[in-house]
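The structure appears right after this line, and notes come after that.
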Amino acid sequence: MQNQSPVHESATELIGMPPADSNITDLIVTSCADRPDAPVYAVRNGAGGWVDVHFTAFLTQVRAVAAGLIARGVQPGDRVGLFSPTSYAWAVLDQAVWFAGAVSVPIYETSSAHQVEHIVTDSGLRVVAVGSEELGERVAEAAGHAGVDVATFPLTDAGLAELAEAGAFVSDDAVEHARSLATLASPASIVYTSGTTGRPKGAVITHGNFVGAAINVLHFAREVVQWSPTTTSRTLLFLPLAHVLAHAVQVICLYARIQVAHSGSPATLLGDLASFHPTWLLAVPRVFEKVEAGIEAKAQKSGTGPIYAAAKRTAIEWSTAVDEAEFGDGPGPSALLRARRALFDRLVYRKIREALGGEVISCVSGASALSPELVHFFRGAGIPIVEGYGLTETTAPATVNIPGAHRVGTVGLPVAGVTVKIAEDGEILIRGPVVFDGYHGMPKASAEAMEDDFFRTGDIGALDEHGFLRITGRKKDVIITAGGKNVYPTPMEEALRQHRLIEHVVVVGENRPFVGALITLDAEAFTQWALDRELTLTPAEAATDPTVLASIQEAVDQVNAGVSRAESIRRFRILDHPFTEDSGHVTQSQKLKRAQVIEDHAEDVEALYRR
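For the sequence shown, the positions run 11 to 621 when the working numbering is used.
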């Protein structure tokens, strides 16, 4: 592979970093002193509304819980696990761990006892806060298998109150001493990678990484989150806080005094959006895909499908014209296009915004790629989505699009303090204050992850002439066909997933005469699609039904039209079961385990190549 990037390096100047002997808690204490009455969180009041939690009250609670941790024997440098859904209690304990001088170890609530056992033994956890009795039982099972003692306590409002009570006799000076011990170089959190291949590794995220993200990402992307020193913007966090992106964003929001509310269950998300009225949102691509698919399904069911289709086309055309004008490639939306958009705003777009709470001005999408068509659609509907790019090892987004510097189809420019370089083989390399301190207990893997002071991401990409980064795929996922053609599966998979019926796609073809694909159907979308056509099909029947196959073939044909014949998907196979965490084919952050899928579906792959 040769570097096809027109630009080999792109960088944005560092905004700043505090003294080396400081840490996250210093940053938070200083921010609170600037605006002690700022509403930094909101919690449910039991009557369907929300109650503000002001900065001073929040830090008072954090210090009390930190005292409780110290009273329970937590020492500076100890590891404390957080095993719970997204919640306000999670946010309090996260800061309290740092105020006690300890290191947080977030654990996905979907983690199995086997996965928890690995985290417990690898990180040295001896105390874990759990969000439910069932999660506590999982920890007990894991600890039993590992042969270690692990204490648990409830990560609930009542559990935190009990912890604070236990710390009533711990002096303020003791807490202040504990919180002041860490420096920017000290570990703040051990975050376990989602593990698409092999056993998850514990990425050591330092205080300096979080501080670097808070200062530099915030100032670079301040317009995205509508931040200013004197105003309050609001966001609803519903991604798992065990995911480094959500975790880092929560830290950034606290530093910036951006008010955060939490939604820990998909069942309450729509109601939480409607009542809290966030001004911006953080989500993964699947959330936006589901929102758009749900709107389309409702339109089809109500008989307004043609209106919705026209509204979607108009939004995409308008946004595309705006994109072209921003970079001097076109005159911008015509008067007729602007008029059509205004009409559909009243008929369609306004309802989409209302579904998100009615006040959302922008959205941030991360963790994986979002199709350009979907980005254009939402922007045309008045909800700009900016894509960013980062990994567990870069703490937070290393690149992001921002208003005024937004190129759809890319993941933006390097954030302040970050340098992105494209290696000779096309691999993306990243340097900056957000780059982690290595893998816990894995010196060899840590050394292999770095090239000089650049982190080797394992992703393939290119920088355009303006410095915007475009992701092509994973280095390890590149397919080399029997004819010697290099095929990047990710763009084709992402394009196919825009089809209403498709949930997951795995493109195959290593050492094969042509490229093929394994496809799973979106159960919810398929059910409605079948009802609309008065079809009654089991999953097994759907996998071979001519009507279903024809619909999927249309999507395949569209994708093939954009690639060479050697890269085109010649055959596909629909599977009669989904890829899930339980099946072992999807990670906790919903990334597909490509190698595991291919291994477990070897017979399905072989079937693609039988004559």
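We treat Cβ as the ideally placed atom computed from N, Cα and C, and that holds for glycine.
Beta-carbon proximity of Pro250 to Ser599, cut-off 9 Å = yes
Inter-residue spacing [alpha-carbon to alpha-carbon] between Thr40 and Ala252 = 26 Å
So does the segment 272-289 actually touch the segment 368-386, counting three or more Cβ pairs closer than 8 Å?
-> Verdict: yes, contact present.
Going by CA-CA distance only, name the one from Gly218, Arg73 and Asp333 that's closest to Leu37.
-> Gly218
Excluding the five sequence neighbours on either side, which residues of its own chain have a C-beta within less than 7 Å of the C-beta of Val5, listed in chain order?
-> No answer is possible for residue 5: it lies beyond the span of the chain, which begins at 11 and ends at 621.
Determine the closest residue to Phe582 out of Phe524, Ile393 and Gly376, with distance taken between C-alpha atoms.
-> Of the listed residues, the one whose Cα sits closest to Phe582 is Phe524.
Do Glu383 and Ile326 have their CB atoms nearer than 9 Å?
-> yes
At least 3 beta-carbon pairs within less than 8 Å: the segment 214-231 vs the segment 84-92 = no
Considering only C-alpha positions, which residue in the set Arg510, Thr482 and Ala505 is nearest to Val497?
-> Thr482
Excluding five sequence neighbours on each side, which residues of the same chain lie with their C-beta closer than 6 Å to the C-beta of Tyr359?
-> Only Ala391 and Gly392 meet the Cβ criterion.
Where does the unbroken alpha helix (DSSP H) through Asp474 begin, and where does it stop?
-> It is not in any alpha helix (DSSP H) - Asp474 carries neither H nor E in the DSSP assignment.
Could you say which of Tyr449, Ala433, Ala150 and Ser561 lies nearest to Phe93 if we only look at CA atoms?
-> Ala150
State the beta-bridge partners of Arg484 as determined by DSSP.
-> Asp469
If you draw a straight line from the alpha carbon of Thr264 to that of Gln310, how long is it in whole angstroms?
-> The residue you asked about is not Thr; residue 264 is Leu in the sequence shown. For Leu264 and Gln310, the distance between alpha carbons rounds to 42 Å.
Starting from Tyr98, follow the alpha helix (DSSP H) in both directions and report where the run begins and ends.
-> Tyr98 to Phe109
Distance CB(Leu103)-CB(Leu24) smaller than 9 Å = no
Distance between Pro407 and Ala256 (C-alpha atoms, nearest Å) | In this structure, the CA atom of Ala256 is about 11 Å from the CA atom of Pro407.
Cβ shell of Ala643 (< 6 Å), same chain only, five flanking positions each side left out = With the chain covering only 11 through 621, there is no way to say anything about residue 643.
Please state whether DSSP places Val453 in a helix, a strand or coil.
-> One point to set straight first is that residue 453 is Pro, not Val, in the sequence displayed. It is helical.
Hey, how far is the Cα of Tyr449 from the Cα of Ile117?
-> 16 Å
Gly78, enclosing alpha helix (DSSP H) - first and last residue = Phe65 to Ala81
In terms of alpha-carbon separation, which member of Asn521, Ala433, Ile225 and Pro453 lies closest to Glu3?
-> Outside the shown range of the chain, which is 11 to 621, sits residue 3, and nothing can be said about it.
Are three or more beta carbon pairs between the segment 503-515 and the segment 526-537 nearer than 8 Å?
-> yes
Contiguous alpha helix (DSSP H) assignments of at least 4 residues, all confined to the segment 192-218 | none
Reducing DSSP to helix, strand and coil, say where Leu247 ends up.
-> strand
Mind pulling the alpha helix (DSSP H) runs of 4 or more residues that sit fully within the segment 500-567?
-> For the segment 500-567, whole alpha helix (DSSP H) runs of length 4 or above, ordered along the chain, are 533-542 and 549-552.
On a CA-only basis, which of Thr404, Thr278 and Gly436 is nearest Pro424? Give me that one, please.
-> Thr404
For Trp60, which residues does DSSP report across the bridge?
-> Arg54
Is the segment 234-245 touching the segment 464-479 in the sense that three or more CB pairs, one from each, lie closer than 8 Å?
-> no
Report yes or no: do three or more beta-carbon pairs, one from the segment 70-82 and one from the segment 166-185, lie closer than 8 Å?
-> yes
Residue nearest to Glu613 in terms of C-alpha spacing, selected from Thr278, Ile584, Pro197 and Ser32 | Nearest C-alpha to Glu613: Ile584.
Grab me the residues of Tyr74's own chain with a C-beta within less than 7 Å of its C-beta, minus the 5 sequence neighbours each way, in chain order.
-> Contrary to the premise, residue 74 reads as Ala rather than Tyr in this sequence. Cβ neighbours of Ala74 beyond the five flanking positions: Ala174 and Gly177.
Around the Cβ of Arg604, are there at least 16 other Cβ atoms within 10 angstroms (buried) or fewer (exposed)?
-> buried
How close, in whole Å, do the beta carbons of Pro295 and Met27 come, if the pair is a contact with beta carbons under 8 Å?
-> No, Pro295 and Met27 are not in contact; Cβ-Cβ is about 32 Å, not under 8 Å.
The alpha helix (DSSP H) spanning Trp328 covers which residue range?
-> Gly315 to Glu336
With distances taken from CA atoms, which of Arg389, Ser243 and Ile215 is nearest Leu228?
-> Ser243
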